[in-house]
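Protein chains: 4
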Amino acid sequence: MTTTGVIKIDVVLQQLCRAFNTSPFFHHLNMKMVLDGQDIKCIVDMDDSLIGNVAFQILHGGVAATLLDSIGGIVAMGELYKRADKDHIADTVKKVTRLATVDMRIDYIAPGRGRQFIGSAEVLRMGRKGCTTRMNMHNDEGKLIATGIASYAY
Amino acid sequence: MTTTGVIKIDVVLQQLCRAFNTSPFFHHLNMKMVLDGQDIKCIVDMDDSLIGNVAFQILHGGVAATLLDSIGGIVAMGELYKRADKDHIADTVKKVTRLATVDMRIDYIAPGRGRQFIGSAEVLRMGRKGCTTRMNMHNDEGKLIATGIASYAY
Amino acid sequence: MTTTGVIKIDVVLQQLCRAFNTSPFFHHLNMKMVLDGQDIKCIVDMDDSLIGNVAFQILHGGVAATLLDSIGGIVAMGELYKRADKDHIADTVKKVTRLATVDMRIDYIAPGRGRQFIGSAEVLRMGRKGCTTRMNMHNDEGKLIATGIASYAY
Amino acid sequence: MTTTGVIKIDVVLQQLCRAFNTSPFFHHLNMKMVLDGQDIKCIVDMDDSLIGNVAFQILHGGVAATLLDSIGGIVAMGELYKRADKDHIADTVKKVTRLATVDMRIDYIAPGRGRQFIGSAEVLRMGRKGCTTRMNMHNDEGKLIATGIASYAY
């Protein structure tokens, strides 16, 4: 277990996952945040209710957008905690609470086919007032389905 | 009633709305395409299941993304039919069938508060192989909540 | 002449234009900010040095990107001054000085043909820590050549 | 030396670099495409004429936009040739000739400081009618300054 000052980072990341997993819309889509070591992933199983185009049986682009926005946001929050200074933990908590998406771009790379979709993210920039995160959504065969980049403010 | 060559455009737009309204994910979110004259709008009522942040009671960004992507796509399809030449109607049908989102940018302008959210779109560019559409989502008080711009290929 | 508290807004907007017009890269491209009432426009004349594709004699996309980024930035700065409260003018000056582009999307709508290109912008969102601006570049015949949307932080 | 059917790919990539290097605007900014094995890079040396903000002595964002758009485009063209089938080489040439930027997003990650800036790109999606490319611009110390993602049509 790692501690950043007084923060037990594993505990904090677990709490973030729990908070996202109880968000109503997130739950409505049956999405889940899971912790793999210190990396958070977002997972959603293919389901009839998530299909956009019945003829082609592919995931609706809005599901990918939701997943990418969410994994970008939670990974940014986790990074804020990882970099938190024990003397300024109140400031970090305030940033995490305020964090909101300013804008996002999604590129649809391949048709949304698969049994499961997995989202991951990395922080490209972490500034005083906002950050930039890159996100990917792969299917269960490791194929890149969609990629995103988003700016968050806090 | 207007006819573009052999196409009765009102009938075609009604059919497009019906097709979107039976898409599983669209239905799962309780979104609806409605025809107002020859303009298509996308409507969704606020609902507990669409909330992202319980503390602030605001719409999840993924709902806005789904609405913007959808209204952009259907308005592009409608425009393809409006510009269709009766001699090349088969070509238009093929384009509409193939139409897919290549990329989309969403800007979140104001917190997603309201009783209802309404999406509208306009085509900025219509090329041989793709088009560019701008989309807006307002709430029931006329406040701009989110704006989007997307490229579609066909 | 309008005054916002102690600020003479016309004078401030003139100063902003002057500051941009002396920026080396801006000058290298022969771009100019001009004040039309209280609206700032960005103007560039077509020139051999700005051509991207010799065969088609069209403006390089990078010229449009430079113009859109610049007009969005200066209009955001002007808006900060227009909304400035005389009691917090130091805060406004700090924001204007710090203002930097976080991200920008450009959509190329029509080939860059024309004798002159004119950029304009409007502020869509003005927050505590950043803003969102939409920009357009038309040619001298009023044709929309490119549109942009950008997030700035301050 | 590799040959793809009848194409000598090294020769083709050299020709692409030469074509870009004679583009007027590219030349005006003193940018250069260089071939490193089969990878094309775009290089620009810091110069007084490329500065946006004199006080901070940083590169104008428009220079980064030009570099990212250009490296994305040339790498997409190179990839079209690399994947070309000797039986359809005329089709590939037509695509390369037609290739144009549809839209681009740029994220500014760090202030544009450095003695030299180097752009690289990778193709994320290559479709029948268009492709998606991700681009990065680093400075001579290997620091990421800006990243982009663009859709091109052909």
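Protein chains in written order, with full-length UniProt numbering: chain A, 1 to 154; chain B, 1 to 154; chain C, 1 to 154; chain D, 1 to 154. Note that beta-carbon positions come from the ideal geometry of N, C-alpha and C, so glycine has one too. Quick caveat: nothing in here was measured; it's all calculated off a predicted structure.
Cβ neighbour criterion (16 or more within 10 Å) applied to residue i
i               : result
M1 of chain D   : Any answer about M1 of chain D is weak, because its pLDDT of 46 lies below 50 and its placement is not dependable; what the coordinates show is given next. Exposed, by the Cβ-count rule.
A55 of chain B  : exposed
D87 of chain D  : exposed
T97 of chain C  : exposed
N139 of chain A : buried
T22 of chain D  : exposed
V11 of chain D  : exposed
R18 of chain B  : exposed
S151 of chain D : buried
M27 of chain C  : In the sequence as displayed, the identity of residue 27 of chain C is His instead of Met. Exposed, since its Cβ has fewer than 16 Cβ neighbours within 10 Å.
Within chain C, partners of residue i - CB distance below 7 Å
i              : result
L99 of chain B : By Cβ distance, chain C contributes nothing, its closest Cβ being about 17 Å from L99 of chain B, past 7 Å.
V12 of chain A : Per Cβ cutoff of 7 Å: no residues; V12 of chain A is ~24 Å from chain C at best.
Proximal residues of chain B, C-beta to C-beta of residue i below 8 Å
i               : result
S120 of chain A : The contacting residues do not exist; S120 of chain A stays about 17 Å from chain B at best.
D107 of chain C : L124, R125, T132, I149, S151
K129 of chain D : K129, G130, A153
Residue i, enclosing beta strand (DSSP E) - first and last residue
i               : result
V102 of chain A : 100–108
N21 of chain A  : Segment 9–21 is the alpha helix (DSSP H) holding N21 of chain A; no beta strand (DSSP E) there.
D69 of chain A  : First-last for D69 of chain A: 61–82, but that is the alpha helix (DSSP H), not the beta strand (DSSP E).
F117 of chain B : 116–126
Y152 of chain A : 144–153
D47 of chain C  : Here D47 of chain C belongs to no beta strand (DSSP E), and DSSP marks it neither H nor E.
V54 of chain A  : Neither: V54 of chain A is in no beta strand (DSSP E) and is coded neither H nor E.
Cross-chain neighbours of residue i in chain B, by beta carbon under 7 Å
i              : result
F25 of chain A : S49, L50, I51, G52, H60, G62, V63
Spatial distance of residue i from residue j (CA atoms)
i                      : j               : result
G112 of chain D        : M46 of chain D  : 9 Å
V44 of chain C         : M135 of chain B : 29 Å
I9 of chain A          : A84 of chain D  : 50 Å
V93 of chain D         : M126 of chain C : 47 Å
M33 of chain D         : Y81 of chain D  : 17 Å
F117 of chain D        : L144 of chain D : 10 Å
L50 of chain D         : D91 of chain C  : 30 Å
R128 of chain D        : Q15 of chain C  : 50 Å
D69 of chain A         : V63 of chain B  : 11 Å
C131 of chain B        : N53 of chain A  : 20 Å
I106 of chain D        : A100 of chain B : 23 Å
L29 of chain C         : D48 of chain D  : 13 Å
A110 of chain A        : E141 of chain A : 12 Å
residue 159 of chain C : G114 of chain C : Outside the displayed range of chain C (1 to 154) lies residue 159 of chain C, so it cannot be described from this structure.
A146 of chain A        : I71 of chain D  : 22 Å
S120 of chain D        : I74 of chain A  : 29 Å
Q57 of chain C         : P24 of chain D  : 10 Å
T133 of chain A        : I89 of chain B  : 43 Å
Q38 of chain A         : M77 of chain A  : 13 Å
Y108 of chain B        : A153 of chain C : 15 Å
L35 of chain D         : C42 of chain D  : 9 Å
G148 of chain C        : E79 of chain B  : 22 Å
G61 of chain A         : F20 of chain B  : 13 Å
L67 of chain D         : K95 of chain D  : 21 Å
V102 of chain B        : E122 of chain D : 17 Å
M137 of chain B        : I40 of chain B  : 13 Å
Proximal chain A residues relative to residue i, where beta-carbon distance stays under 7 Å
i              : result
V44 of chain B : Those do not exist, as V44 of chain B stays about 11 Å from chain A at its closest Cβ, beyond 7 Å.
Contacts of residue i in chain D (Cβ-Cβ under 9 Å)
i               : result
V102 of chain C : D107, Y108
Run of the alpha helix (DSSP H) containing residue i, from where it starts to where it stops
i               : result
H138 of chain B : Counting along the chain, H138 of chain B falls outside any alpha helix (DSSP H), though it belongs to the beta strand (DSSP E) covering 130–139.
P24 of chain D  : 24–28
Chain D residues whose Cβ lies nearer than 8 Å to that of residue i
i              : result
D36 of chain C : Ordered by position in chain D, no residue passes the 8 Å Cβ test against D36 of chain C, which lies about 23 Å from the chain.
Under 7 Å from the C-beta of residue i: neighbouring residues of chain D
i               : result
H138 of chain C : Ordered by position in chain D, no residue passes the 7 Å Cβ test against H138 of chain C, which lies about 18 Å from the chain.
H28 of chain C  : S49
Closer than 8 Å at the beta carbon, the chain A residues around residue i
i              : result
D91 of chain B : Ordered by position in chain A, no residue passes the 8 Å Cβ test against D91 of chain B, which lies about 19 Å from the chain.
D69 of chain B : G61, G62, A65
Chain F within 8 Å of residue i, Cβ atoms only
i               : result
M137 of chain A : Of the protein chains in the structure, A, B, C and D, none is chain F.
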